[in-house]
Amino acid sequence: MYTERNTKPKIVIAIDGFSSCGKSTFAKAIARRLGYIFIDTGAMYRAVTLYALEHGAIRSGMVDDDAVVRLLPEIHIDFRFNPERGASDIYVNGDRVEGKIRTIEVSNCVSAVSSIGAVRRKLVAMQQEMGRKRGVVMDGRDIGTTVFPDAELKIFMTADPAVRAQRRYDELTARGDQVSYDEILQNVLSRDKADMERAISPLRKADDAIVLDNSHMTVEEQMEWFDREFRRVTER
Ligand code: DC
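At position 109 of the sequence shown the residue is numbered 1473 (my numbering), and the sequence of numbers has no breaks.
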């Protein structure tokens, strides 16, 4: 069917940035707006971490890099659209793991797993294949620098750490979790540091990325900002 949606030019939109600054909310919203595929690459690193936890490659929080690498050939990841959520769920070897990858246990080990070279090589190759036909919004840490250095639109998202911690605090307390604001702020700061200091593909702004600091912006304002940038790169 001919719709306004599929007349949009198909480009790659790379969204990188710090944790908890609303990257996936923003990425999902623009994918919906453009009729693009949204790929949450953090979910892929989380899925490998979950599999490693469930198959003995992580014990008492200690990641055995060699054991993780040995498991890699048997890990098959795919995304399937879930109409109820209006987004794709992640599957490992045919099992839906969307809920299981967001636990604290996975969050605590994912930085170590995502710093293993063989893990990054496998997931980067998958991500490049997923975006081969363009028409994707991919969110992560190294999309504009490593996965798609040729992305037509690169956005680097950031927000004041105090604002990010407050958002995360509101989210968790609304869910009934007992957490302290200070504990969350420390976690935000230490994840920023781990992401930026990683030896392979550290988080950094690509030279040609544009910065979106959403500390004081509503989602609507971010969408208006995005529409202008999208027109700028597709109408030139
Ligand atoms: O976006 P997230 O918090 O769900 O990502 C989980 C972890 O995966 C995060 O600690 C950094 C890592 N990650 C990465 O190294 N490269 C990516 N492209 C995406 C995420």
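Just so you know, even glycine gets a beta-carbon here, dropped at the ideal spot from N, CA and C.
Apart from the 5 residues on each side of it in sequence, lysine 1464 sits with its Cβ closer than 7 Å to the Cβ of Leu1414 in its chain, given in chain order. Serine 1452 and tryptophan 1589 have their alpha carbons spaced roughly 25 Å apart. With a cut-off of 7 Å, the C-beta of valine 1543 is classified as distant from ligand 1, since no heavy atom of the ligand falls inside that distance. Leucine 1576 is bridged by DSSP to Met1521. Look at arginine 1444 here: in three-state DSSP terms it is strand. Residue pairing by DSSP puts phenylalanine 1402 in a beta bridge opposite Val1501. Between alanine 1523 and aspartate 1534, the alpha-carbon positions lie close to 16 Å from each other. Contact check for leucine 1487 against methionine 1408 passes: the beta carbons are separated by less than 8 Å.
In this structure alanine 1482 is in contact with leucine 1436, their Cβ atoms being roughly 6 Å apart against a cut-off of 8 Å. Aspartate 1559: member of the alpha helix (DSSP H) spanning 1545-1561, first to last residue. Within the model, the alpha-carbon separation for glycine 1420 versus arginine 1444 is close to 27 Å. Bridge partners of valine 1427 according to DSSP: Ile1422. When secondary structure is reduced to three states using DSSP, glycine 1495 falls in the coil class, being assigned neither helix nor strand.
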